[in-house]
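The structure appears right after this line, and notes come after that.
Protein chains in written order, with the working numbering: chain G, 213 to 541; chain D, 439 to 938.
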């Protein structure tokens, strides 16, 4: 039997060292400057905000695994939140309201998938366009204003607790476990890795590349809609531009988590860690008294450091393998 | 086994791409347990034909029979079900996945619960690898394997279907001699099991060794099919090109002029203590097995790879910390082995490619002058006899030989006097090869110094003034023209000069 050591885990997930460094630094400074702010309640809040980002990042992970990108995530989140809130406002049954919200995500995912996989449009431009459409419709439906939600059951999803833990954290955990199983144990998951690794190999191996790609975008739309609905539940209201930052954050989380843009490499566990890092980072900045306006720039720097470390690693590996040829053969 | 019914019979196969005819009533038969070598120049339709047989492309017309049964493939999966597998020239493995995952890609065994059966995947992979005599852990990532091992994984993948017909497209082009032997051993054991093989190769020496029959194609049409062991090679070649080729290797040997390149104990990533020199009017070759460090030496001289120790001189001037930009200014031309990726800007026109390395000289003020561009391109089209009507055409549409001429033109325009040719005829058909050989000879006669790297020993023996044999990153022997034979080169390349 093989057992998992921390080294194993590290190798599997591949978090760049410098990101660790930055996070640890912030944690230490945060702890030193304000002991008292570290409470269970505070940690719970971090976990809750992480679970929204985590849901949004699930779809992004899958799309980046097939070597593409979905930047419509933020727009779809806003739209799904607004749609669900409007349905609830019109006294539609809560479950149906949520399903309609999720359906909007599926529709947008399907639209993305059809444009990109079937008609071969560029994925950056296609999802850029759908981002505009989705967030535009969200503004139209809500008339540009935040839609309040009065349904207590719905708001319980965002603010209620089971045991000592927010309801929504359970939902995120369940979603992640399902996706982890799909990626590791099903043909669909394997096909995602194969298509991302080499589209041509996948084609020559008889894999239905088009169909699987469409499905990936549908998943991405679905999970972003889910994140949007959750976001509305937390705030007890749906903000028509509430999801706007999430495209950036989700992409950042996936990249920091070690899923590369070359595709076929990485997975959901890295993304979980990437999400927590981002959220802890944000919180640490707050505790340290650094204004929230700095967050994006700092996240950007973390991503650059990830790229640099990755490039250096690759270079070292290449040099080593060349040396090996020279020594061994 | 029924010997009357052939394994594969494909007749009257036609295929058009965008109105251009790629295949016209092509035909091919393969018997059980035989190797049929498919021969033809580039563009003769070999790849198209095998891709139709393996389900990658659909055919416009014609019939394919497997064991006498009419089949109609819509995709790769259909062909795989009939036991047809293809190993493409560029290997199609997923670098970031394990051997087992690659073998079963797209058709992983599934448990009753709907999840993938990892255990079975590993067991089956182990069995397949062992059958091929490979001692590899199926959990290893493919990117950690050598090219030859990766090819074996492709074979294992093919075997995992009920393999009846295996198609190999230039399988030996990136293998070392030892690895080729391994591959041939595997081919003969497959034959014993009744598997039919279609083997595409440009290397004439391989045809007799592995082939039972050979099928010749030209311009998308079937030309002839004959016994591989008894056929006359000159006859085969003339059938492939449709004309006789005379003076395949043609050289006017010149008296070498002044020394252009001289290295002193040059050490780099994969080589050490290299002392070589090249003079004007000479063709000097670096020969050795793949992976011996040949290409790296050339790349280091051009400035793509680092130099760790030692120095070298261009025109008697010592070169320190060079880059490709500086090398071009010194008059060095590097013609890489991968023409399409490293040598040309494929989607751009012939004239733009020809001028691409000399923009600074042609347009010193930074503004392009279309007239000058056109004039220079026209000059080289005539001089190099590039077969095209219009230099505005996209370079990617030219044949391999003409593309190589464009690369040479590009460097001639920079006033290069020292040419490094890395595999000048790789992937080029025989007719074009002869033209490239003539071109090399002419360059040398015009006073250029040429350093050639090649895996084709015939080519090295036929063209070189001198040969440096590289083995394990060291220069083991310098052979002059008088002593130049295939046997001596191979002897030193394999033994590393130890037996002296």
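Even glycine gets a Cβ: it sits at the ideal position worked out from N, Cα and C. Predicted, not measured: the structure shown is a model, and the values here were computed from it.
Could you tell me whether the Cβ of residue i comes closer than 7 angstroms to any Cβ of chain G?
i                      : result
residue 532 of chain D : yes
residue 821 of chain D : no
residue 907 of chain D : no
residue 543 of chain D : yes
residue 919 of chain D : no
residue 856 of chain D : no
residue 514 of chain D : yes
residue 546 of chain D : yes
residue 553 of chain D : yes
residue 455 of chain D : no
Would you list the one or two residues that DSSP bridges to residue i?
i                      : result
residue 448 of chain D : D:466, D:502
residue 904 of chain D : D:722, D:918
residue 392 of chain G : In the DSSP output, where bridge partners are listed per residue, residue 392 of chain G has none listed.
residue 474 of chain D : D:636, D:651
residue 663 of chain D : D:653
residue 832 of chain D : D:787
residue 912 of chain D : D:909
residue 382 of chain G : Bridge partners of residue 382 of chain G: none, in fact.
residue 515 of chain G : Looking at the DSSP assignment, residue 515 of chain G forms no beta bridge with any residue, so it has no partner.
residue 697 of chain D : D:717
residue 772 of chain D : D:858
Please tell me whether residue i has its Cβ less than 7 angstroms away from any Cβ of chain D.
i                      : result
residue 477 of chain G : yes
residue 406 of chain G : yes
residue 347 of chain G : no
residue 373 of chain G : no
residue 416 of chain G : yes
residue 399 of chain G : yes
residue 279 of chain G : no
residue 409 of chain G : yes
residue 521 of chain G : no
residue 419 of chain G : yes
residue 413 of chain G : yes
residue 335 of chain G : no
residue 402 of chain G : yes
Could you check what DSSP says for residue i in three-state terms: helix, strand or coil?
i                      : result
residue 440 of chain D : Residue confidence is low: residue 440 of chain D scores 46 on pLDDT, short of 50, so the model does not pin down where it sits. Its coordinate-derived value is still stated next. Reduced to three states, the DSSP call for residue 440 of chain D is coil.
residue 361 of chain G : coil
residue 492 of chain G : helix
residue 509 of chain D : strand
residue 808 of chain D : helix
residue 374 of chain G : strand
residue 887 of chain D : strand
residue 486 of chain D : helix
residue 338 of chain G : helix
residue 692 of chain D : coil
residue 479 of chain D : coil
residue 502 of chain G : coil
residue 795 of chain D : coil
residue 347 of chain G : helix
residue 893 of chain D : coil
residue 568 of chain D : helix
Which runs of the alpha helix (DSSP H), 4 residues or longer, sit entirely within the segment 699-764 of chain D?
-> 732-740
Pick out the complete beta strand (DSSP E) segments inside the segment 572-644 of chain D, 3 residues or longer, and give them in chain order.
-> 603-607, 634-638
Per the contact definition of three or more C-beta pairs closer than 8 angstroms, is the segment 529-548 of chain D in contact with the segment 500-512 of chain D?
-> no
Below 8 angstroms, can you find three or more Cβ-Cβ pairs linking the segment 717-734 of chain D to the segment 883-902 of chain D?
-> yes
Of all the alpha helix (DSSP H) runs that stay within the bounds of the segment 433-498 of chain G, which reach a length of 4 or more residues?
-> 458-468
Would the segment 345-362 of chain G and the segment 276-289 of chain G be scored as touching if the rule is three or more Cβ pairs under 8 angstroms?
-> yes
Cβ contact check for the segment 646-664 of chain D and the segment 455-470 of chain D: 3 or more pairs under 8 angstroms | yes
Those runs of the alpha helix (DSSP H) which lie wholly inside the segment 286-325 of chain G and span at least 4 residues | 306-325
Is the segment 455-464 of chain G in contact with the segment 299-315 of chain G, if contact means three or more CB pairs nearer than 8 angstroms?
-> no
Complete runs of the alpha helix (DSSP H) confined to the segment 862-886 of chain D [at least 4 residues] = 868-883
What are the start and end residues of each continuous alpha helix (DSSP H) run of 4 or more residues lying completely inside the segment 501-566 of chain D, in chain order?
-> 514-519, 537-541
Examine the Cβ distances between the segment 443-456 of chain G and the segment 315-323 of chain G and report whether three or more of them are shorter than 8 angstroms.
-> no
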